Each structure stands twice: as structure tokens, then as C-alpha cells.
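Since the structure comes first, as C-alpha cells, the remarks are kept for the end.
Residue numbers (our numbering): -5 to 106.
Here it is in C-alpha cells:
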């Protein structure tokens, strides 16, 4: 896998958890929008996987939410390895539910 977020690794802990979740979901949303473009779809999943890995090294995630995030990561790692594109919206909803503030911020940003 390619290392996509070289400079972000040093700054990742500075972002609040809700923003980290939104950034992961942004990549999953890009994957959903690129279902017909296999290379870009897999690049989006790689970036989402990398962001999840950054969360694992972050003190903000030292509770049960890290366990759930790792379960979600394992799911889209399996999707990545299977090379069968699927709609990532359901897994985005699961990840967004890990922090209520991320859900609220995303809804207010999209004026839903």
C-alpha cells in the first residue's frame, strides 16, 4: 500500500475525534462515488485504512470506540482485498455513529 498522508501523521493527534471520523468518512464517500473506477476506488480505501491506523496510535481513541473503529477497518480491508467494489455508505454511517459530534457536524455542513 502507498503511504498517502505523510505529513498528516505528525498532526493527526491535533484534530478532535469528530474531525478524524469525518476525514475517514470523506475517503469512504469518495470510494462510493468511484465505484466505476477501480483504481481510484481502491486508492480511496487505502487512504481510509491509513487514517484508521493513525487513530489506533492516538490517545483520543483509548476507549471502546477504538474497538469498533478497528472492526469497521477490518471490514473495509476485506473489501479492499476482495477487489469487489461495494457501496461504502453503510460503513460510513457506522463510523459516524462513533461520535455524535461528527454526525451533527456532517449534517450541519451538508444542510440536511
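Yeah, the Cβ is synthetic: ideal placement off N, Cα and C, and Gly gets one too. All of these numbers come straight from a predicted model, not from anything done at the bench.
For the pair of segments examined, the region 33 to 41 was found not to touch the region 51 to 67: the number of CB pairs separated by less than 8 Å stays below three. Sequence-distant partners of residue 15 (beyond 5 residues in either direction) whose C-beta falls short of 8 Å from its own C-beta, in its chain, are 89, 90, 92, 93, 96. Distance check between residue 87 and each of 10, 11, 18, 7 places 18 closest, using alpha-carbon atoms only. Nearest Cα to residue 33 within the set 79, 63, 83, 98: 79. For residue 32, the uninterrupted alpha helix (DSSP H) segment begins and ends at 32 to 50.
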